[in-house]
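In numbering that gives the first Met the number 0, the protein residues as written are 0 to 176. We treat Cβ as the ideally placed atom computed from N, Cα and C, and that holds for glycine.
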Amino acid sequence: MNTRQWVNDNSAIVMILAVLLLLVALFFIFSMKDASFNAQNRKQWLYNTDTKTLYKDSMTLVPPVKTEDGTAVMALVYACGDCDDDPHQIAHLRKLTDEGKRLQEEENKRMEELAKLPSGAKLPVRPPGSMGHLRAWLVSREDPIKWYSTESREGAEIISNVGTACGDIKIKYCRAN
0 MNTRQWVNDN
10 SAIVMILAVL
20 LLLVALFFIF
30 SMKDASFNAQ
40 NRKQWLYNTD
50 TKTLYKDSMT
60 LVPPVKTEDG
70 TAVMALVYAC
80 GDCDDDPHQI
90 AHLRKLTDEG
100 KRLQEEENKR
110 MEELAKLPSG
120 AKLPVRPPGS
130 MGHLRAWLVS
140 REDPIKWYST
150 ESREGAEIIS
160 NVGTACGDIK
170 IKYCRAN
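Here it is, written out as structure tokens:
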């Protein structure tokens, strides 16, 4: 079966993956925008997979993160009403593959260096393949934790199922800041 035929036969999956990649790209664009904005003060939701606890920590941490009592991964958190009033619920968990984590950490260092350049300075060319971290995300439900590529059918299912978690009420994603 050729690629075009597969895309035609699986258009829903292709659409979900395209939207997911766009959202991940936008997430990184906005999270890396103006690195001098003091990224240390920005927070993200993390979930310790060993202690089963949800907490906030620096946006500069690249999941998975080793902690004193286990491993923490990124959590996409939502509420069915207002994030300040309703209890937070975990839509799904995310982490990078080992290679994706390495690439993301390199990109973070690159962004820190770019932030130090004087305004008007010529920006260095991005090395080929340096954006591979955008395709290296894994997702899992909170229970049971089983990791799938965001580009797999299972991963796309995990990501798309949160849209109906609140019934007729539109879910609201909750920021950690």
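Can you name, in chain order, every residue of its own chain whose Cβ lies under 7 Å from the Cβ of residue i, other than the five neighbours on each side?
i      : result
Cys165 : Cys79
Ser35  : Since pLDDT at Ser35 reaches only 43, below the 50 mark, its modelled position is unreliable, and the value read off the structure follows with that caveat. Here the set comprises Ala114.
Thr66  : Asn47
Asn176 : Arg41, Lys42
Asp33  : Caution applies to Asp33, whose pLDDT of 49 falls short of 50 and renders its modelled position unreliable; the value that the coordinates give is listed next. Nothing listed; no residue qualifies.
Glu104 : Val61
Using the beta-carbon count (16 or more within 10 Å), is residue i buried or exposed?
i      : result
Gln4   : exposed
Thr149 : buried
Asn107 : buried
Ile158 : buried
Ile144 : exposed
Tyr172 : exposed
Lys169 : exposed
Who are the Cβ neighbours of residue i in its own chain at under 8 Å, not counting the five residues just before and after it?
i    : result
Asn9 : none
Which residues in the same chain have their Cβ closer than 6 Å to the Cβ of residue i, if we skip the five residues on either side of it in sequence?
i     : result
Tyr46 : Leu53, Val72, Ala74, Leu92
Ile15 : Ala155, Ser159
Since residue i is in the beta strand (DSSP E), which residue starts that stretch and which ends it?
i      : result
Asp56  : 52–57
Lys94  : 88–95
Trp5   : Trp5 -> not in any beta strand (DSSP E); alpha helix (DSSP H) instead, spanning 2–8.
Ser151 : No beta strand (DSSP E) holds Ser151; DSSP gives it neither H nor E.
Ser139 : 136–139
Val64  : 64–66
Pull up the CB-CB distance for residue i and residue j, whole angstroms please, since I reckon it's below 8 Å.
i     : j     : result
Thr50 : Gly69 : 6 Å
Going by DSSP, which residues form a beta bridge with residue i?
i      : result
Leu45  : Tyr54, Met73
Thr163 : Answer is none; Thr163 lacks a bridge partner.
Lys205 : Here the chain covers residues 0 to 176 and nothing more, so residue 205 does not appear.
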